[in-house]
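K.L.:
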């Protein structure tokens, strides 16, 4: 699964930043969402800072009718501190150790009953998860780098739809 290819073909995308910004590296998803909010102004992209309760945002997600939903979260998958992985949220990482109440796997299963979308998890291996601790430098750096990389792909979301509409309009003009 190539993320940029997925974004290139998407018409509408939701990014769900998950985490707790007062629990150290658990802020990874929140940092990514906040940075993306600054960088991305595409109306075909909905960026949500879901905090610790992403299930509270199911209404907003389904109403937006995305064809891609990306969850960004700190996930303990046994990797190196700051390592970032791309995974299926219904796979084993969807059940990984988390500070949130509902495993992503269950949230995705519910959303699949409401929308026809592809679901992706971008996880970062945390090291510091103590209450009232700052996120580690490496996790903050990874979050900012990820946000900038995602922003490039998110800027083109929905463009193929616009190009198709322009082509159809041009075709109608030529035929008349």
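Numbering (this note's numbering), first residue to last: 30 to 205. Where a beta carbon is used, it is the ideal one built from N, C-alpha and C, also for glycine.
Looking at the ligand FMN, does it come within less than 7 angstroms of residue 137, judged from the CB to the closest heavy atom?
P.N.:
Although the ligand FMN was asked about, the structure shown includes no ligands whatsoever.
K.L.:
Which of the three DSSP states is assigned to residue 116 in this structure?
P.N.:
Residue 116 falls in the strand class under three-state DSSP.
K.L.:
Taking the alpha-carbon of residue 119 as reference, which of 75, 140 and 177 has the nearest alpha-carbon?
P.N.:
The shortest C-alpha separation from residue 119 is found at 140.
K.L.:
Going by DSSP, name the residue or residues bridged to residue 153.
P.N.:
DSSP output for residue 153 lists 103 and 113 as bridge partner(s).
K.L.:
Nearest-angstrom Cα distance between residue 61 and residue 112?
P.N.:
Residue 61 and residue 112: Cα-Cα distance of roughly 15 angstroms.
K.L.:
Taking a contact to mean a Cβ-Cβ separation below 8 angstroms, would you say residue 44 touches residue 77 in this structure?
P.N.:
Yes, these two residues count as a Cβ contact at 8 angstroms.
K.L.:
Have a look at residue 34 and residue 66 and give me their C-alpha separation to the nearest angstrom.
P.N.:
Each residue's alpha carbon lies about 21 angstroms from the other.
K.L.:
Let me know the secondary structure DSSP gives residue 161 once reduced to three states.
P.N.:
Of the three classes helix, strand and coil, the one that applies to residue 161 here is coil, per DSSP.
K.L.:
Take residue 160 as the anchor and find which of 53, 91 and 131 has the nearest alpha-carbon.
P.N.:
Measuring from the Cα of residue 160, the nearest candidate turns out to be 53.
K.L.:
I'd like to know whether the C-beta atoms of residue 42 and residue 180 end up nearer to each other than 8 angstroms.
P.N.:
Going by C-beta atoms, residue 42 is not nearer than 8 angstroms to residue 180.
K.L.:
Hey, how far is the Cα of residue 64 from the Cα of residue 142?
P.N.:
In a straight line, the C-alpha of residue 64 is about 30 angstroms away from that of residue 142.
K.L.:
Determine the extent of the alpha helix (DSSP H) in which residue 46 is found, giving its start and end residues.
P.N.:
Per DSSP, residue 46 belongs to no alpha helix (DSSP H); it is in the beta strand (DSSP E), 42-47.
K.L.:
Could you check where the beta strand (DSSP E) with residue 75 kicks off and where it finishes?
P.N.:
Residues 74-80.
K.L.:
Give the DSSP bridge partners of residue 52, in chain order.
P.N.:
According to DSSP, residue 52 bridges with 162.
K.L.:
Would you mind sorting residue 149 into buried or exposed? The rule is 16 or more other CB atoms within 10 Å of its CB.
P.N.:
The residue is buried, with at least 16 neighbouring Cβ atoms inside 10 Å.
K.L.:
Ignore the nearest five residues each way along the sequence and tell me which others in residue 177's own chain have a CB closer than 8 angstroms to its CB.
P.N.:
The residues are 64 and 68.
K.L.:
Please classify residue 126 as buried or exposed, where buried requires at least 16 other C-beta atoms within 10 Å of its C-beta.
P.N.:
For residue 126, the predicted model reports a pLDDT of 49, less than 50, meaning its position is unreliable and no value from the coordinates is stated.
K.L.:
Can residue 151 and residue 101 be called in contact, C-beta distance under 8 angstroms?
P.N.:
Contact flag set, yes.
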